[in-house]
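In what follows, a single structure is set out as structure tokens and then discussed.
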Amino acid sequence: MLRTLETSPPILKGSALPALLSASDRIRYRLIGAGCRYHANDNISAFIKEGELDELKAEVQSKMQEVLHALVIDTQNDHNTNGTPERVARMFLTEVFRGRYVPMPAVTEFPNASHLDQLMIVGPITVRSACSHHLCPIMGKVWIGILPNEHSNLIGLSKYARICDWIMGRPQIQEEAIMMLADELERRVKPDGLALVLESDHFCMQWRGVKDSDASMTNSVMRGAFLKDATLRREFLSLLSKKSA
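Here's what the structure looks like:
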């Protein structure tokens, strides 16, 4: 059914038919009908109707029960895992992958009335995500450099953290996450220059695989003035190192 639904959505005819599907299939039906991508790091909140998140949670809970059954875990008699399927389903949908299922948080923007045009740095902001390859945690910190102009929008300090949490709260790879974060901040603030540095520990390397507990990954994005002006870039990075010390 899923393969047919994904490759040939036109066969689903009649306004009543989508209502007969599971919540996940109904949402997928709308996404395919609109020609929208639904990768792990995509936000699909616009295609979720009221009450369907609760249906999704019940669906994930049922599937997680099957996973534990396949792992030969007696959840019925094991007091430690008896409620695990529900806890995991709630964690995925309302916590660690929340950035997929809820709209962008409200962010109040203010005009740059004082024509501020000097470098400002926000961070380190603690970020949490998950590797889309193994669904293992990614834990890190991000620093944001902004060079505003008279036409820039100013946002509250806490709003940077809210935007980071929304972007990072979904399965993804770090290289794409920092680009998505840069795109969102550039769209909202409209600065002359934008710089980001993201440093994270990946549990898919520390908990499994090579099991290297010291390995971390650092990415940077430089746009506008930060890309063109080496002096500005050095100032940002030098201040960053002092804040990290």
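-4 is the number of the first residue of the sequence shown in the numbering used here; add one for each residue after it. Cβ coordinates follow ideal geometry from the N, Cα and C atoms, glycine included.
- Looking at the DSSP output, N148 shares a beta bridge with P106.
- Residue environment: F231 is assigned as buried (16 or more neighbouring CB atoms within 10 Å of its CB, all protein chains considered).
- Residue burial annotation: V62 is exposed, with fewer than 16 other C-beta atoms found within 10 angstroms of its C-beta.
- Here the alpha carbon of Y96 sits roughly 26 Å from the alpha carbon of K185.
- Collapsing the DSSP output to three states places A190 in a strand.
- Straight-line spacing of the CA atoms in A156 and E50 works out to 29 Å.
- By a beta-carbon distance limit of 8 Å, M212 does not contact Q167. Their separation comes to about 13 Å.
- By the beta-carbon neighbour count (other beta carbons within 10 angstroms, threshold 16), L66 is exposed.
- Two segments are said to touch when three or more pairs of C-beta atoms, one from each, lie closer than 8 Å; by this definition the region 66 to 76 does not touch the region 87 to 94.
- Only residues of its own chain outside the window of five on either side were considered, and among them I39, F42, I43 and E47 have a CB closer than 7 Å to the CB of I22, listed in chain order.
- With a cutoff of 8 Å on beta-carbon distance, L114 and L227 are scored as near each other.
- Exposed is the label assigned to M86, since fewer than 16 other Cβ atoms lie within 10 Å of its Cβ.
- Fewer than three pairs of CB atoms, one per stretch, sit closer than 8 Å, so the region 195 to 202 makes no contact with the region 175 to 182.
- For I162, the three-state secondary structure derived from DSSP is helix.
- Taking all protein chains in view, the Cβ of L142 is crowded by 16 or more other Cβ atoms within 10 Å, so the residue is classified as buried.
- With contacts defined by Cβ atoms closer than 8 Å, K136 and L88 do not form a contacting pair.
- Taking 8 Å as the cut-off, the beta carbon of M59 is found closer than this to the beta carbon of V83.
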